[in-house]
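Notes follow the structure.
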Amino acid sequence: MCLIGGFVGMMEAFVKVAPSVFAVGGYFSRAVVTLGASGFLFGVGTQGTAVLREKDDIFNYAVGGALAGLPMAKRYGNVWAGLGYALAFTSLGIFSRTLLVRPKGEFTTMYKKPSGNMYERSYGYNFHHYKRFGRD
């Protein structure tokens, strides 16, 4: 449903803003820069807080999400829009930390772990199975 809404919004923006093809390129390039800046600030906030605090917990992702709302506040020129986006990105950051990443930093999977083969412990950042074959 979210993809349909995003597609409809994109088509509406395509029709409303575009007297020419060049205007469409300008509109979408501004959106890409804003979202790219949000992603950059999320990464910098998350990793910077983790390095300064020397912990990897939910607080780092909350700080990254709050910083990711700053470009939206600048784009819309409204503090309340920035706070809303900061709250939304903070919620997404906490969601990604608590539900998608295990406590030791390994990514979760929806599939059952296979056992008895080389993929037994190959999820996340664990690459010990390469040592069995003399690759490392």
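The numbering of the sequence shown is the working numbering, which starts it at 1 and goes up by one.
Note that CB positions come from ideal geometry on N, CA and C, so glycine has one too.
Computed from a predicted model, the values in this text were never measured in an experiment.
Query, Result
"Candidates Val63, Ile94 and Pro71, of which the one nearest valine 44 by Cα", "Val63"
"Through-space distance from arginine 97 to isoleucine 58, alpha-carbon basis", "6 Å"
"Assumed close pair phenylalanine 89, phenylalanine 42 - CB separation to whole angstroms, cut-off 8 Å", "7 Å"
"Serine 38 versus Ser91, Tyr85, Leu99 and Ile94, residue with shortest Cα-Cα distance", "Tyr85"
"Near the ligand MG: isoleucine 94 beta-carbon under 7 Å from a heavy atom", "Questions concerning the ligand MG fall outside what the structure shown contains, since it holds no ligand whatsoever."
"CB contact flag (glycine 77, glycine 69, <8 Å)", "no"
"C-alpha gap between valine 51 and asparagine 60, whole angstroms", "9 Å"
"Straight-line Cα distance separating glutamine 47 from valine 94", "The question names valine, but residue 94 in the sequence shown is isoleucine. Approximately 14 Å, taken between the alpha carbons."
"Spatial neighbours of threonine 34 in its chain, beta-carbon cut-off 6 Å, leaving aside the 5 residues before and after", "Pro71 and Arg75"
"CA-to-CA distance, alanine 73 to valine 79, given in whole angstroms", "6 Å"
"Lysine 55 - DSSP class collapsed to helix/strand/coil", "coil"
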